[in-house]
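Going left to right, the sequence shown walks through residues 290 to 570 as our numbering numbers them.
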Amino acid sequence: MFSIIIPTFNNLEYLKLCIESIKKNSQIDHELIFHINDGSDGTLDYIKKNKFKHTHSNQNIGLCRAVNNSAKLASQKYIVYAHDDMYFCPGWDVQFKNEISKIKNEDFFLSGTMIQPFKSFIFLDCGKNIEEFNEAKLLKNFNSINYNDFQGTTWAPSLLPIKTWNKVGGFSEEYGPGLGSDPDLNMKLWKIGVRLFKGIGNCRVYHFSSLTLRKKVSNNGAKTFLLKWGISIKFFKKYYLRANEKFTGPLSEPIKDIFFYINYIKCKITYIYHLLFSKKN
290 MFSIIIPTFN NLEYLKLCIE SIKKNSQIDH ELIFHINDGS DGTLDYIKKN
340 KFKHTHSNQN IGLCRAVNNS AKLASQKYIV YAHDDMYFCP GWDVQFKNEI
390 SKIKNEDFFL SGTMIQPFKS FIFLDCGKNI EEFNEAKLLK NFNSINYNDF
440 QGTTWAPSLL PIKTWNKVGG FSEEYGPGLG SDPDLNMKLW KIGVRLFKGI
490 GNCRVYHFSS LTLRKKVSNN GAKTFLLKWG ISIKFFKKYY LRANEKFTGP
540 LSEPIKDIFF YINYIKCKIT YIYHLLFSKK N
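Right under this line is the structure:
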(Lines of atoms letter the chains of each structure in order from A and count residues from 1; the text may use other names and numbers.)
(Lines give C-alpha, C1' and ligand atoms only; values in the text may rest on other atoms or scores of the structure.)
Protein backbone atom coordinates (compact mmCIF):
# COMPACT_ATOMS: atom_id res chain seq x y z
CA MET A 1 0.00 0.00 0.00
CA PHE A 2 2.86 2.39 0.81
CA SER A 3 6.24 2.99 -0.80
CA ILE A 4 8.55 3.37 2.19
CA ILE A 5 11.58 5.52 1.33
CA ILE A 6 14.62 5.09 3.57
CA PRO A 7 18.00 6.76 2.94
CA THR A 8 20.99 5.19 4.66
CA PHE A 9 24.69 5.88 5.10
CA ASN A 10 26.83 2.98 6.39
CA ASN A 11 24.38 2.21 9.17
CA LEU A 12 23.76 -1.46 8.39
CA GLU A 13 22.83 -2.87 11.80
CA TYR A 14 20.24 -0.14 12.40
CA LEU A 15 18.92 -0.57 8.87
CA LYS A 16 18.49 -4.32 9.39
CA LEU A 17 16.54 -3.66 12.58
CA CYS A 18 14.38 -1.10 10.79
CA ILE A 19 13.58 -3.53 7.95
CA GLU A 20 12.89 -6.34 10.40
CA SER A 21 10.45 -4.16 12.33
CA ILE A 22 8.56 -3.23 9.17
CA LYS A 23 8.25 -6.85 8.11
CA LYS A 24 7.27 -8.05 11.58
CA ASN A 25 4.98 -5.25 12.71
CA SER A 26 3.15 -4.22 9.53
CA GLN A 27 -0.30 -5.59 8.81
CA ILE A 28 -0.15 -4.66 5.13
CA ASP A 29 2.44 -5.44 2.45
CA HIS A 30 4.54 -2.42 1.53
CA GLU A 31 7.18 -1.54 -1.03
CA LEU A 32 10.60 -0.84 0.50
CA ILE A 33 12.93 1.50 -1.39
CA PHE A 34 16.38 2.61 -0.25
CA HIS A 35 19.02 5.08 -1.22
CA ILE A 36 22.44 3.82 -0.22
CA ASN A 37 25.09 6.42 0.37
CA ASP A 38 28.49 4.75 -0.02
CA GLY A 39 27.42 1.36 1.37
CA SER A 40 30.96 0.08 1.86
CA ASP A 41 30.05 -1.29 5.30
CA GLY A 42 28.10 -4.09 3.59
CA THR A 43 24.84 -2.18 3.12
CA LEU A 44 24.97 -2.26 -0.67
CA ASP A 45 25.63 -6.00 -0.74
CA TYR A 46 22.84 -6.63 1.77
CA ILE A 47 20.29 -4.62 -0.20
CA LYS A 48 21.27 -6.29 -3.48
CA LYS A 49 21.22 -9.76 -1.94
CA ASN A 50 17.69 -9.19 -0.65
CA LYS A 51 16.61 -7.71 -3.99
CA PHE A 52 15.21 -4.48 -2.58
CA LYS A 53 14.54 -1.56 -4.88
CA HIS A 54 17.29 0.99 -4.41
CA THR A 55 19.40 3.79 -5.76
CA HIS A 56 23.07 4.21 -4.90
CA SER A 57 25.75 6.89 -4.77
CA ASN A 58 29.44 6.30 -4.12
CA GLN A 59 29.52 9.20 -1.65
CA ASN A 60 27.09 10.60 0.92
CA ILE A 61 24.88 12.92 -1.13
CA GLY A 62 22.75 13.82 1.89
CA LEU A 63 19.18 13.18 2.86
CA CYS A 64 17.44 15.45 0.35
CA ARG A 65 18.98 14.11 -2.84
CA ALA A 66 18.91 10.57 -1.49
CA VAL A 67 15.16 10.62 -0.85
CA ASN A 68 14.41 12.42 -4.11
CA ASN A 69 16.39 9.82 -6.06
CA SER A 70 14.78 6.79 -4.46
CA ALA A 71 11.27 8.27 -4.52
CA LYS A 72 11.41 8.12 -8.33
CA LEU A 73 11.14 4.32 -8.00
CA ALA A 74 7.93 4.46 -5.97
CA SER A 75 4.99 2.57 -7.48
CA GLN A 76 2.38 3.03 -4.74
CA LYS A 77 -0.15 5.81 -4.25
CA TYR A 78 1.43 6.99 -1.00
CA ILE A 79 5.02 7.39 0.08
CA VAL A 80 6.31 7.12 3.63
CA TYR A 81 9.64 8.78 4.36
CA ALA A 82 11.52 7.28 7.31
CA HIS A 83 14.97 7.11 8.88
CA ASP A 84 17.12 4.01 9.00
CA ASP A 85 17.39 4.28 12.79
CA MET A 86 13.67 3.84 13.37
CA TYR A 87 11.89 0.76 14.70
CA PHE A 88 8.28 0.57 13.49
CA CYS A 89 5.89 -0.45 16.26
CA PRO A 90 2.99 -2.89 15.71
CA GLY A 91 0.02 -1.46 13.84
CA TRP A 92 1.79 1.65 12.61
CA ASP A 93 0.52 1.16 9.05
CA VAL A 94 -3.08 0.47 10.05
CA GLN A 95 -3.12 3.79 11.91
CA PHE A 96 -2.06 5.56 8.71
CA LYS A 97 -4.52 3.55 6.59
CA ASN A 98 -7.45 4.33 8.90
CA GLU A 99 -6.58 8.03 8.85
CA ILE A 100 -6.33 8.15 5.06
CA SER A 101 -9.80 6.58 4.76
CA LYS A 102 -11.26 9.64 6.54
CA ILE A 103 -9.52 12.27 4.41
CA LYS A 104 -11.38 13.87 1.51
CA ASN A 105 -8.58 16.24 0.46
CA GLU A 106 -6.39 15.35 -2.49
CA ASP A 107 -3.28 16.80 -0.83
CA PHE A 108 -2.29 16.26 2.81
CA PHE A 109 0.63 15.48 5.10
CA LEU A 110 0.58 12.95 7.94
CA SER A 111 3.22 11.77 10.34
CA GLY A 112 3.65 9.15 12.99
CA THR A 113 4.85 9.85 16.51
CA MET A 114 8.38 9.15 17.71
CA ILE A 115 9.18 7.33 20.92
CA GLN A 116 12.66 8.43 21.99
CA PRO A 117 15.02 7.66 24.89
CA PHE A 118 14.98 11.29 25.98
CA LYS A 119 12.22 13.79 26.71
CA SER A 120 10.68 14.93 23.45
CA PHE A 121 7.50 13.39 22.03
CA ILE A 122 6.87 10.11 23.84
CA PHE A 123 9.61 9.47 26.36
CA LEU A 124 10.40 5.79 26.88
CA ASP A 125 13.98 4.66 27.27
CA CYS A 126 14.39 1.31 25.55
CA GLY A 127 18.03 1.97 24.71
CA LYS A 128 19.99 4.89 23.34
CA ASN A 129 21.72 2.70 20.76
CA ILE A 130 21.24 -0.67 19.13
CA GLU A 131 23.48 -2.42 21.63
CA GLU A 132 21.22 -1.29 24.48
CA PHE A 133 17.94 -1.77 22.60
CA ASN A 134 15.29 -3.56 24.69
CA GLU A 135 12.73 -4.69 22.14
CA ALA A 136 10.67 -6.61 24.69
CA LYS A 137 10.29 -3.51 26.86
CA LEU A 138 9.24 -1.44 23.86
CA LEU A 139 6.63 -3.94 22.67
CA LYS A 140 5.21 -4.22 26.16
CA ASN A 141 4.97 -0.48 26.79
CA PHE A 142 4.79 1.41 23.48
CA ASN A 143 1.00 1.77 23.62
CA SER A 144 0.74 2.47 27.35
CA ILE A 145 1.48 6.21 27.13
CA ASN A 146 -1.34 8.43 25.90
CA TYR A 147 -0.43 10.94 23.22
CA ASN A 148 -2.93 13.08 21.29
CA ASP A 149 -3.04 13.62 17.57
CA PHE A 150 -1.28 16.92 16.95
CA GLN A 151 -1.18 19.84 14.55
CA GLY A 152 1.50 21.05 12.24
CA THR A 153 3.80 18.08 12.08
CA THR A 154 6.98 18.19 10.02
CA TRP A 155 8.45 14.97 11.43
CA ALA A 156 9.24 11.52 10.11
CA PRO A 157 7.89 8.99 9.57
CA SER A 158 5.86 11.14 7.23
CA LEU A 159 3.25 10.15 4.67
CA LEU A 160 1.83 12.00 1.71
CA PRO A 161 0.35 11.10 -1.67
CA ILE A 162 2.98 10.58 -4.36
CA LYS A 163 1.10 13.10 -6.53
CA THR A 164 1.45 15.70 -3.80
CA TRP A 165 5.16 14.92 -3.40
CA ASN A 166 5.67 15.39 -7.14
CA LYS A 167 3.68 18.65 -7.20
CA VAL A 168 6.23 20.31 -4.92
CA GLY A 169 9.28 18.48 -6.28
CA GLY A 170 10.08 16.55 -3.11
CA PHE A 171 12.79 17.83 -0.81
CA SER A 172 14.67 21.01 -1.73
CA GLU A 173 18.26 19.95 -2.30
CA GLU A 174 19.80 23.26 -1.18
CA TYR A 175 19.24 21.95 2.36
CA GLY A 176 21.73 19.12 1.95
CA PRO A 177 22.64 17.13 3.91
CA GLY A 178 19.21 17.71 5.39
CA LEU A 179 18.71 20.13 8.30
CA GLY A 180 15.70 22.36 7.59
CA SER A 181 14.39 20.27 4.71
CA ASP A 182 11.34 19.01 6.62
CA PRO A 183 9.78 22.43 7.40
CA ASP A 184 10.75 23.58 3.91
CA LEU A 185 8.75 20.71 2.43
CA ASN A 186 5.79 21.74 4.56
CA MET A 187 6.11 25.37 3.49
CA LYS A 188 5.99 24.24 -0.13
CA LEU A 189 2.90 22.20 0.68
CA TRP A 190 1.34 25.22 2.41
CA LYS A 191 1.99 27.31 -0.70
CA ILE A 192 -0.02 24.89 -2.89
CA GLY A 193 -2.92 25.00 -0.44
CA VAL A 194 -2.35 22.04 1.86
CA ARG A 195 -3.91 22.67 5.27
CA LEU A 196 -4.04 19.18 6.73
CA PHE A 197 -0.78 18.57 8.60
CA LYS A 198 -1.64 15.93 11.16
CA GLY A 199 0.51 13.90 13.52
CA ILE A 200 -1.07 10.56 14.43
CA GLY A 201 -0.53 9.91 18.12
CA ASN A 202 -1.06 6.15 17.90
CA CYS A 203 1.17 5.58 14.86
CA ARG A 204 4.44 4.99 16.66
CA VAL A 205 8.09 4.35 15.91
CA TYR A 206 11.06 4.08 18.23
CA HIS A 207 13.79 6.49 17.15
CA PHE A 208 17.41 6.24 18.20
CA SER A 209 17.73 9.82 16.86
CA SER A 210 19.99 11.37 14.24
CA LEU A 211 22.15 8.34 13.55
CA THR A 212 21.47 8.54 9.84
CA LEU A 213 22.99 10.78 7.15
CA ARG A 214 24.30 13.75 9.14
CA LYS A 215 27.43 12.11 10.53
CA LYS A 216 30.09 14.79 11.02
CA VAL A 217 28.32 16.99 8.47
CA SER A 218 25.62 19.60 8.98
CA ASN A 219 24.10 22.60 7.27
CA ASN A 220 22.56 25.85 8.46
CA GLY A 221 19.01 24.95 7.56
CA ALA A 222 17.53 27.74 9.66
CA LYS A 223 19.42 30.36 7.68
CA THR A 224 18.58 28.75 4.34
CA PHE A 225 14.89 28.68 5.24
CA LEU A 226 14.90 32.32 6.39
CA LEU A 227 16.60 33.59 3.24
CA LYS A 228 14.29 31.51 1.03
CA TRP A 229 10.96 32.30 2.65
CA GLY A 230 11.58 35.55 4.57
CA ILE A 231 10.45 34.08 7.89
CA SER A 232 12.08 31.71 10.37
CA ILE A 233 11.29 28.04 10.84
CA LYS A 234 10.17 28.82 14.38
CA PHE A 235 7.76 31.52 13.14
CA PHE A 236 6.34 29.22 10.44
CA LYS A 237 5.78 26.39 12.89
CA LYS A 238 4.19 28.60 15.56
CA TYR A 239 1.89 30.82 13.52
CA TYR A 240 1.15 28.78 10.41
CA LEU A 241 1.45 25.10 11.37
CA ARG A 242 0.57 25.65 15.06
CA ALA A 243 3.02 22.83 15.63
CA ASN A 244 2.42 20.37 18.48
CA GLU A 245 -0.94 21.80 19.48
CA LYS A 246 -3.71 19.24 19.93
CA PHE A 247 -5.28 18.44 16.58
CA THR A 248 -8.66 20.11 16.07
CA GLY A 249 -9.01 19.99 12.29
CA PRO A 250 -7.41 21.41 9.13
CA LEU A 251 -5.44 24.60 9.61
CA SER A 252 -6.58 28.07 8.60
CA GLU A 253 -4.63 31.24 7.95
CA PRO A 254 -2.66 32.46 11.00
CA ILE A 255 -4.20 34.89 13.45
CA LYS A 256 -2.42 38.17 12.79
CA ASP A 257 -2.46 39.80 16.19
CA ILE A 258 0.14 42.13 17.73
CA PHE A 259 2.38 39.20 18.70
CA PHE A 260 2.30 37.90 15.12
CA TYR A 261 3.49 41.25 13.78
CA ILE A 262 6.15 41.74 16.47
CA ASN A 263 7.68 38.36 15.66
CA TYR A 264 7.21 38.92 11.93
CA ILE A 265 9.22 42.15 12.16
CA LYS A 266 11.94 40.30 14.10
CA CYS A 267 12.12 37.79 11.26
CA LYS A 268 12.48 40.57 8.72
CA ILE A 269 15.25 42.28 10.70
CA THR A 270 17.19 39.01 10.86
CA TYR A 271 16.49 38.41 7.18
CA ILE A 272 17.89 41.82 6.20
CA TYR A 273 20.92 41.31 8.45
CA HIS A 274 21.77 38.02 6.71
CA LEU A 275 21.30 39.58 3.29
CA LEU A 276 23.64 42.46 4.10
CA PHE A 277 26.26 41.04 6.43
CA SER A 278 26.15 37.28 6.77
CA LYS A 279 28.55 35.18 4.72
CA LYS A 280 27.14 32.19 2.89
CA ASN A 281 27.94 28.82 4.46
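A virtual CB, placed ideally from N, CA and C, is assigned to each residue, including glycine.
Please read these numbers as outputs of a predicted model, since none were measured by experiment.
| Check | Outcome |
| --- | --- |
| Note down, one range per segment and in chain order, each beta strand (DSSP E) of at least 3 residues found wholly within the segment 409-471. | 447-450 |
| Taking one C-beta from the segment 437-455 and one from the segment 521-533 each time, how about it: are there three or more such pairs within less than 8 Å? | yes |
| What is the DSSP secondary structure of Gly490, reduced to helix, strand or coil? | strand |
| At what residues does the alpha helix (DSSP H) containing Lys512 begin and finish? | 510-518 |
| Let me know if Gly469 comes out buried or exposed under the rule of 16 or more other beta-carbons within 10 Å of its beta-carbon. | buried |
| Please return the same chain residues whose Cβ sits closer than 6 Å to the Cβ of Ile308, not counting the five positions on each side in sequence. | none |
| What does DSSP give as the partner residues of Pro539 in its beta bridges? | Answer by DSSP bridge pairing: none, since Pro539 is not bridged. |
| Who does Thr344 pair with in a DSSP beta bridge? | His324 |
| Roughly how many angstroms separate the alpha carbons of Phe575 and Val369, rounded to a whole number? | Only positions 290 to 570 of the chain appear in the structure, and residue 575 is not among them; the question remains open. |
| Taking 6 Å as the limit between beta carbons, can you name the residues of its chain near Ser400, skipping five residues before and five after? | Thr442, Trp444, Ser447, Gly488 |
| Are there three or more Cβ pairs, one per stretch, closer than 8 Å when the segment 371-379 is compared with the segment 310-327? | yes |
| Is it right to say Tyr562 is buried, meaning 16 or more other beta carbons lie within 10 angstroms of its own, or is it exposed? | exposed |
| So what's Met375 in DSSP terms, helix, strand or just coil? | strand |
| Could you please give the first and the last residue of the uninterrupted beta strand (DSSP E) stretch that includes Val369? | 367-370 |
| Which value, in whole angstroms, describes the spacing of the CA atoms of Asp382 and Ile294? | 14 Å |
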